[in-house]
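Asks: Numbering (my numbering), first residue to last: 481 to 655. Let me give you the structure first, and then I'll get to my questions.
Shown next as structure tokens:
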């Protein structure tokens, strides 16, 4: 048996090597589990929180400033811009299941610009009963495209490395 182990390239590990190997394997397992469940709560995203009635309806000057920032980001073909705004749901799209799951819908802003919203439902609750004609407030990261752009990062960041976003719908904040 001893000759077989040496012939196969196997050798006996020292106690220190065995402990090091055990720590590395445990670390890899913890990392894989964390990535498989980024919500950190058994796969259950946090619940939405109530929003004061005036929070979703910004003052006209605030809305105009937010829409100007979005129009400028679109015109300048900018990416990774933190934006806020509000719009009317034009169409609810099928969920995206490629990687993290995302609830997707199109919003039309008062300016006429349309945005694709991709809301990570592995990290934040889904907007229940969302339908065309509903109003949704948003805060997230803008990414330019020819159709008007998209907004993502509409949720908290469990790792705390990115500014958190949110969606406001029917008096609730989803983050």
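Ideal Cβ positions, reconstructed from N, Cα and C, are used throughout, including at glycine. Every value quoted in this text rests on a predicted model; they were computed, and no experiment measured them.
1. Tell me where the beta strand (DSSP E) around residue 646 begins and ends.
2. Is residue 619 buried or exposed, if buried means 16 or more other CB atoms sit within 10 Å of its CB?
3. According to DSSP, is residue 495 part of a helix, a strand, or is it coil?
4. If I'm right that residue 601 touches residue 627 with Cβ under 8 Å, what's the distance once you round it to whole angstroms?
5. Going along the chain, which residues of its own chain have a beta-carbon closer than 6 Å to the beta-carbon of residue 594, five neighbours each way excluded?
6. So what's residue 478 in DSSP terms, helix, strand or just coil?
7. For the region 599 to 617 against the region 635 to 652, are there 3 or more C-beta pairs whose distance is under 8 Å?
8. What is the rounded straight-line gap between the Cα of residue 644 and the Cα of residue 568?
9. Is it true that the CB of residue 624 sits closer than 8 Å to the CB of residue 551?
10. Between residue 572 and residue 611, is the Cβ-Cβ spacing less than 8 Å?
11. Starting from the C-beta of residue 649, find all residues in its chain whose C-beta is less than 6 Å away, skip the five residues before and the five after it, and write them out in chain order.
12. Below 8 Å between beta carbons: does that hold for residue 563 and residue 654?
13. Which residue spans inside the region 576 to 639 form an unbroken beta strand (DSSP E) run of at least 3?
14. Do residue 425 and residue 591 have their C-beta atoms closer together than 8 Å?
Replies: According to the structure data:
1. Where residue 646 is concerned, the enclosing beta strand (DSSP E) stretches over 646 to 649.
2. With 16 or more other Cβ atoms from the protein chains shown falling within 10 Å of its own Cβ, residue 619 counts as buried.
3. Shown here, residue 495 sits in a helix according to DSSP, grouped into three states.
4. About 22 Å; that fails the 8 Å criterion.
5. If the five residues before and after residue 594 are omitted, its C-beta is found closer than 6 Å to the C-beta atoms of 586, 588 and 628, all from its own chain and listed in chain order.
6. In the structure displayed, the chain extends from 481 to 655; residue 478 sits before or after that span and is not available.
7. When Cβ pairs closer than 8 Å are counted between the two stretches, the region 599 to 617 is seen to touch the region 635 to 652, the count reaching three or more.
8. Put simply, the backbone Cα of residue 644 is about 22 Å away from that of residue 568.
9. Not a contact, by the Cβ cut-off of 8 Å.
10. Closer than 8 Å, so yes.
11. Its chain contains 607 and 616 as the residues whose beta carbon lies nearer than 6 Å to that of residue 649, once the 5 sequence neighbours on both sides are disregarded; these appear in chain order.
12. Cβ distance not < 8 Å, so residue 563 and residue 654 don't count as in contact.
13. Taking only runs of at least 3 residues, the beta strand (DSSP E) segments lying wholly in the region 576 to 639 are 582 to 588, 594 to 600, 615 to 623 and 630 to 632.
14. This structure leaves residue 425 out entirely; the chain is present only between 481 and 655.
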